[in-house]
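In what follows, a structure is listed as C-alpha cells, so that the remarks can point back to it.
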Amino acid sequence: MCRLGRIPDLADRHVIITGGSSGIGLALVRRVCGLGAKVSVVALDDEDLARLRASPPPGRHPSGRTPTST
0 MCRLGRIPDL
10 ADRHVIITGG
20 SSGIGLALVR
30 RVCGLGAKVS
40 VVALDDEDLA
50 RLRASPPPGR
60 HPSGRTPTST
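Just so we're aligned: 38 in numbering that gives the first Met the number 0 is position 39 of the sequence shown, and the numbers increase by one with no gaps anywhere.
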C-alpha cells in the first residue's frame with residue numbers, strides 16, 4: 000500500500016488511464032510518463048488524443064485509442 004501523496008515506483012510498469020486526453024486524466028498521463036511507466040490512454044475525443052500524440056509528455060510516450068461502437 001502507498002502512503003497518501005506518494006506514488007509507488009512505476010518504472011517499466013504498464014498503466015492504463017481512461018479519460019486521459021484532458022483534465023485530471025491528462026495530468027495523470029503526464030505524471031506517470033515522467034515516472035517511466037508505459038501508459039495506455041483511452042479517450043472519447045479523437046482530437047484531444049491526437050493533440051496528446053502530437054506533443055507527448057517527457058519520459059515514455061503514451062499510446063492511445065478511442066472506443067468505437069459497431
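The beta-carbon is built from N, C-alpha and C at its ideal position, and this holds for glycine as well.
Evaluate alanine 36 with the Cβ neighbour count: other Cβ atoms within 10 Å of its Cβ, from every protein chain shown; 16 or more gives buried, anything less gives exposed.
buried
I need the boundaries of the beta strand (DSSP E) containing isoleucine 6, first residue and last residue.
Per DSSP, isoleucine 6 belongs to no beta strand (DSSP E) and is neither H nor E.
Should leucine 43 be labelled buried (16 or more other beta-carbon atoms within 10 Å of its own) or exposed?
exposed
Going along the chain, which residues of its own chain have a beta-carbon closer than 6 Å to the beta-carbon of isoleucine 70, five neighbours each way excluded?
Any question about residue 70 goes unanswered here, given that the chain covers just 0 to 69.
Endpoints, the alpha helix (DSSP H) within which aspartate 74 is located
Residue coverage of the chain in this structure runs from 0 to 69, which leaves residue 74 outside it and unanswerable.
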